[in-house]
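The numbers in the sequence shown follow numbering that gives the first Met the number 0, run straight up by one, and end at 203. Even glycine gets a Cβ: it sits at the ideal position worked out from N, Cα and C. As structure tokens, the structure follows; a few thoughts come after it.
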Amino acid sequence: MRMFRTYVGRMVAFITLLGTSFTLFLPSSASAYNTFNDHVLNGGVGNYGNNKRYYYITSSASSYESLIDQAMNEWIYTTERVGITTPISYRKTTTMSQSVMDIYAGSYYPSYMGVLGETEFWKYDTKLDPYQENWGWNKIKLNNPNFNNLNSTDRKGTIAHEMGHAFGLAHNNSNPYAIMCQLGYGRKVSNSQADDLHGINYLY
């Protein structure tokens with residue numbers, strides 16, 4: 000089962016990659032963004048507000064609530080900032096059953112592994128591989144042993160990166176000015192950029 004982890008350093012990512020599956024970080028196209036073989040979140044990402052989606056912050060991640068909200072808003076409100084409009088329309092909910100993006104924080108991996116965060120893909124109660132099929136909802140897991148060592152900007156960037164996975168974007172480590180570049184590969188931004196948003200518009 001593939002999950003999509005963000006690492007502190009390039010070498011840690013490479014070592015972990017060799018120990019799991021080399022295809023974890025392979026791009027699915029030659030474009031300026033990468034997807035999971037064009038698979039998507041069932042029901043879309045909000046359809047410009049016509050089919051609003053919801054995210055839920057669990058109590059374990061409540062200390063990061065303001066960063067989570069900011070990261071999400073910077074995915075939603077992109078027209079003035081980047082000049083690109085996408086169909087993303089998410090709102091925070093306090094009712095977990097409404098959510099298609101549940102956000103957790105905890106000690107999921109030891110610090111020596113360098114994992115900052117992880118996104119899981121689910122359909123009902125079954126975890127799945129997004130390279131193989133569409134999904135119904137996501138779990139985002141922030142890994143405290145490493146995530147807590149980041150400054151505020153990189154924390155927000157990591158959250159935004161994991162949200163990008165939940166929307167359907169894979170890693171784009173060749174472009175440090177894309178939010179879907181991993182931090183360990185030199186990411187320079189902390190919110191969605193043109194390449195990321197073009198990927199969203201391609202998928203939805």
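Ordered along the chain, which non-local residues of its own chain (more than five positions away) have a Cβ less than 6 Å from that of residue i?
i    : result
S189 : T152, K155 and G156
Does residue i get closer than 8 Å to chain B when you measure Cβ to Cβ?
i   : result
V39 : Here chain B cannot be found, since the structure has a single protein chain.
Quick one: what's got a C-beta closer than 7 Å to residue i's C-beta in the same chain, skipping five residues either side?
i    : result
Y176 : K187, V188 and Q192
N49  : none
F35  : S27, P129, Y130, G167 and A169
D195 : Y32, G163, L168, A177, I178 and M179
Please return the same chain residues whose Cβ sits closer than 8 Å to the Cβ of residue i, not counting the five positions on each side in sequence.
i   : result
S98 : Y53, Y54, Y55, T92 and W136
D68 : K91
Y89 : V44, G45, K51, R52, Y53, Y54, M71, W74, I75 and M100
F21 : For F21, the predicted structure reports a pLDDT of 26, less than 50, and the residue's modelled location is therefore unreliable. The matter cannot be settled from this model.
Could you check what DSSP says for residue i in three-state terms: helix, strand or coil?
i    : result
V81  : helix
Y54  : strand
A31  : coil
M100 : strand
G105 : strand
G215 : One cannot answer for residue 215 here, as it falls past the ends of the chain, which runs 0 to 203.
Y89  : strand
G198 : helix
G116 : strand
Evaluate residue i with the Cβ neighbour count: other Cβ atoms within 10 Å of its Cβ, from every protein chain shown; 16 or more gives buried, anything less gives exposed.
i    : result
T19  : With a pLDDT of 29 at T19, under the threshold of 50, the predicted position of this residue should be treated as unreliable, and no value is reported.
G116 : buried
M95  : exposed
Looking at residue j and residue i, is the spacing between their C-beta atoms short of 8 Å?
i    : j    : result
I102 : T57  : yes
G105 : S59  : yes
T125 : A165 : no
- Ordered list of beta strand (DSSP E) runs contained in the segment 126-160, each at least 3 residues: As far as the segment 126-160 is concerned, its whole beta strand (DSSP E) runs of at least 3 residues are 136-142.
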